[in-house]
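*Asks:* I am attaching a structure below and will ask some questions about it afterwards.
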Amino acid sequence: MTNIRTTPNGNSFCGGTLISPTHVITASHCSSNYDIRWVSVGSHYINGSSDGEQIKVVSIMNHPKYEAGLFPNDYAILELDRPSSFPPAKIAAADDSDFAVNKTATILGWGFTSNKGSVSYELRGVDVPLWDDEQCTKKMGTDELMICAGGVANKDSCERDSGGPLVLESETQDVLIAFRAGGHLLVERKELLVYMRASHVLGLGLTQLSMARV
């Protein structure tokens, strides 16, 4: 888990995940709405300076077809100034064999704890159920790049959690299933939310994303 910021020790405004020693995946709208300059890797605290590593971002690769305010293609790769010493995340297999429908996954972030609340100083997580593709498409109109999770009132990601991971926790190594795209408030009703599948997005490769390098 990484948090994303403008300064080395300022509060984060989005989340992300280390996918190689020098790359972080997050949501494209984070770079549209904020001035991304730094990431904190391995930090438990929102300020990023109490622990973990602070690494400068040297380039931002948005999907070339991303349009601000729209959900499709809302993902970006951040290139770091130097390699992180923390291990990159394990990415879920493209055939979904690393997780099963109705299993519980965990959303992580430092975002708002309620619609009228404030950000969390410490990293927080909430467990949500995963839904199968057929139900997800029927209810939310999704495609193969997306996965649905949630449906439990008041258990969701919130503002400032964008780009953060949806993971399957394991005793050996957590698996990155997806990440949060499209900013939103906390869902207080029992509604599904859509996440971008990490395996399908990363399957496109860094070459395509580099077409939209900032």
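Counting with this note's numbering, you get residues 66 to 279 for the letters of the sequence shown.
Every residue, glycine too, gets a C-beta built ideally from N, C-alpha and C.
No experiment lies behind these values; they were computed from the predicted model shown.
Who are Ile172's beta bridge partners in DSSP?
*Replies:* Counting from 1 along the sequence shown, the entry for residue 172 is found at position 107. The partner list for Ile172 (beta bridge, DSSP) reads Val191, Leu231.
*Asks:* Do the segment 122-139 and the segment 168-184 meet, that is, are 3 or more Cβ pairs less than 8 Å apart?
*Replies:* As far as the Cβ criterion goes, the segment 122-139 does not touch the segment 168-184, which means the pair count is below three.
*Asks:* With a threshold of 16 other CB atoms inside 10 Å of the CB of Ala158, please say whether the residue is buried or exposed.
*Replies:* Translated into positions along the sequence shown, residue 158 becomes position 93. That one is exposed.
*Asks:* Indicate the three-state DSSP secondary structure (helix, strand or coil) for Lys130 in the structure shown.
*Replies:* The residue you call residue 130 lines up with position 65 of the sequence shown. Looking at Lys130 - three-state DSSP - the assignment turns out to be coil, as it is neither helix nor strand.
*Asks:* Mind checking Pro230: buried by the 16 CB within 10 Å criterion, or exposed?
*Replies:* Taking the sequence shown and counting its residues from 1, one reaches residue 230 at position 165. The Cβ neighbour count for Pro230, taken over all protein chains shown within 10 Å, is at least 16; the residue is labelled buried.
*Asks:* Just list the alpha helix (DSSP H) runs in the segment 93-117, keeping only unbroken ones of 4 residues or longer that don't cross its boundaries, in chain order.
*Replies:* 93-98
*Asks:* Under 7 Å from any heavy atom of the ligand ZN, does the C-beta of Ser149 make it?
*Replies:* Here there are no bound small molecules, and the ligand ZN is not part of this structure.
*Asks:* Rounded to whole angstroms, what's the CA-CA distance from Leu250 to Ser235? Just pull it up for me.
*Replies:* Your numbering for residue 250 matches position 185 in the sequence shown. Your numbering for residue 235 matches position 170 in the sequence shown. Note that Leu250 has pLDDT 48, beneath the 50 cutoff, so the model's placement of it is unreliable and the number below is only indicative. Counting only the Cα atoms, Ser235 lies some 29 Å from Leu250.
*Asks:* Look at Thr71 and Val106 and say whether their C-beta atoms are less than 8 Å apart.
*Replies:* For the purposes of this step, residue 71 is identified with residue 6 of the sequence shown, where counting begins at 1. For the purposes of this step, residue 106 is identified with residue 41 of the sequence shown, where counting begins at 1. Result no, Cβ atoms of Thr71 and Val106 do not sit closer than 8 Å.
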